[in-house]
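> Pasting in a structure now, in structure tokens, and then I'll have a few things to ask.
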Amino acid sequence: MRDFTNRMVFITGGSSGIGLATAELLFERGAHLVIFARDENKMKRAVARIEKRRRNQGQTIGTVRMDVTSARDVHGRIDRAVKSFGAPDLLIASAGIGAADVFENIRAEVFDAIMKTNVYGVRETVAAALPHMKAGGGHIVLLSSAAGLIGMYGYTAYAASKYAVVGLAECLRAELKRHRIGVSVVCPPEVETPFLEWETSTIPPETRMVKSFAGLLSPEIVARAVVKGIRRGKFLIIPGVMARLLYLSHRLTNGWATRVPSDAIAAFARWRADRTAK
Ligand SMILES: NC(=O)c1ccc[n+]([C@@H]2O[C@H](COP(=O)([O-])OP(=O)(O)OC[C@H]3O[C@@H](n4cnc5c(N)ncnc54)[C@H](OP(=O)(O)O)[C@@H]3O)[C@@H](O)[C@H]2O)c1
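Terminal number for the sequence shown in this note's numbering: 290, no gaps in between.
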């Protein structure tokens, strides 16, 4: 998809962070938008922000309250959104949650909630939108994470969910090609969004220090990488030079080049935390 003018874009999680920054950029490029999230006030504030980037008076923005963890909600709301606004040319599944802690501290309910949002939420979103996209073709973007390419300390639940999204995207890409639907999966490192507040209270010092090596990006940089990736029909989108280099070295050395330094960094962070605690 090279031109976004008058294209209909459905974005889950479009009220905040990466989803919002991507919505703003696409609106600036002439797209119509429908944002899906749970909190209506947050969506209202997002629409006020997006409006500032309006390119022409014909553009529409809709908001739909939807919880991606409820299959019934997702199918019902997406069907209704198609009736009200039209079928999506571009679907972006950005809604996601996270938690960082050592495996023993992540309760089964937390693991379950992460899986329900990040994996089943994405599955249901794609399953609900796909029948409406098949006739006209289009593009689907799934938000994974650098943690969906390289596992690390403190991310057993989150990385498991994001690896699943990468697998889902790889298989979808192969299957949807014949319907002229492109698929991209986005794997950013740490991004400065409200998402980070989720983990601040529980993130182990080891995770904090290891993560900092992949860099911290703004949601606007990620949004630009997403839009550029869609225009180029790119499958794997890794925003940020540092994250791309890390992934390349991980692949080329079968994980050795990231495991050895991250183990050393984790050991140092643990030693420093123990010393501070004494
Ligand atoms: N920030 C990072 O460091 C980072 C790095 C790599 C990948 N990612 C991934 O990028 C995606 C976006 O993250 P972000 O940083 O933009 O997060 P964010 O700022 O916290 O935004 C998350 C969005 O998802 C929506 N959402 C959450 N749970 C939902 C549910 N059950 N149903 C519907 N909507 C829901 C939120 O709205 P409501 O709460 O109103 O529903 C919000 O609009 C996520 O998939 C995340 O895993 C983030």
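By construction, the Cβ of each residue, glycine as well, lies at the ideal position given by its N, Cα and C atoms.
Note that this is a predicted model, so its numbers are computed, not measured.
1. State the DSSP-derived secondary structure class of Y167, mapped to helix, strand or coil.
2. Given the structure, does T24 come close to ligand 1, in the sense that its CB is under 7 Å from one of the ligand's heavy atoms?
3. What three-state label does DSSP hand R135 in the structure shown?
4. Could you tell me the alpha carbon to alpha carbon distance between A172 and V198, rounded to whole angstroms?
5. I'd like to confirm something about I30: is its beta-carbon nearer than 7 Å to some heavy atom of ligand 1, or not?
6. Looking at the secondary structure, which residues open and close the beta strand (DSSP E) in which T24 lies?
7. When you compare only the Cα positions, how much space is there between E211 and K223?
8. Spatial neighbours of P231 within its chain, please: C-beta separation below 6 Å, excluding the five flanking residues on both sides.
9. Please state the DSSP three-state secondary structure of F39.
10. Mind checking T288: buried by the 16 CB within 10 Å criterion, or exposed?
11. Determine the DSSP secondary structure at R300, reduced to helix, strand or coil.
12. I want to check one thing, is the minimum distance from the CB of F123 to the heavy atoms of ligand 1 below 7 Å?
13. Ligand 1 and I109: does any heavy atom of the ligand fall closer than 7 Å to the residue's C-beta?
14. Between G98, V177, G227, V239, which has its C-alpha nearest A304's C-alpha?
On the basis of the supplied data:
1. Here residue 167 refers to the residue found at position 155 of the sequence shown. Y167: strand per DSSP, three-state reduction.
2. Locating residue 24 in the sequence shown gives position 12, where the first residue counts as 1. If you check the C-beta of T24 against ligand 1, you find a heavy atom less than 7 Å away.
3. Against the sequence shown, residue 135 aligns to sequence position 123. In this structure, R135 counts as helix in the three-state DSSP scheme.
4. Mapped onto the sequence shown, residue 172 falls at position 160. Mapped onto the sequence shown, residue 198 falls at position 186. Those two C-alpha atoms are separated by around 16 Å.
5. On the sequence shown, residue 30 is found 18 positions in, with the first residue counted as 1. At a threshold of 7 Å, I30 counts as near ligand 1, since its beta carbon sits closer than that to one of the ligand's heavy atoms.
6. Residue 24 sits at position 12 when you count from the first residue of the sequence shown. Start and end: 20-24.
7. In the sequence shown, residue 211 corresponds to position 199, counting from 1. In the sequence shown, residue 223 corresponds to position 211, counting from 1. Rounded to the nearest angstrom, the two C-alpha atoms are 12 Å apart.
8. Start at 1 with the first residue of the sequence shown, and residue 231 comes out as number 219. The residues are G29, I30, A33, V203, T205.
9. If you number the sequence shown from 1, residue 39 lands on position 27. Assigned with DSSP and collapsed to three states, F39 falls in helix.
10. Counting from 1 along the sequence shown, the entry for residue 288 is found at position 276. Counting Cβ neighbours within 10 Å, T288 comes out exposed, since fewer than 16 surround it.
11. In the structure as shown, the chain starts at 13 and stops at 290, and residue 300 therefore has no counterpart that could be examined.
12. Start at 1 with the first residue of the sequence shown, and residue 123 comes out as number 111. Answer for F123: no, Cβ out of range of ligand 1.
13. Start at 1 with the first residue of the sequence shown, and residue 109 comes out as number 97. Indeed, a heavy atom of ligand 1 lies less than 7 Å from the Cβ.
14. Not covered by the structure: residue 304. The range shown for the chain is 13 to 290.
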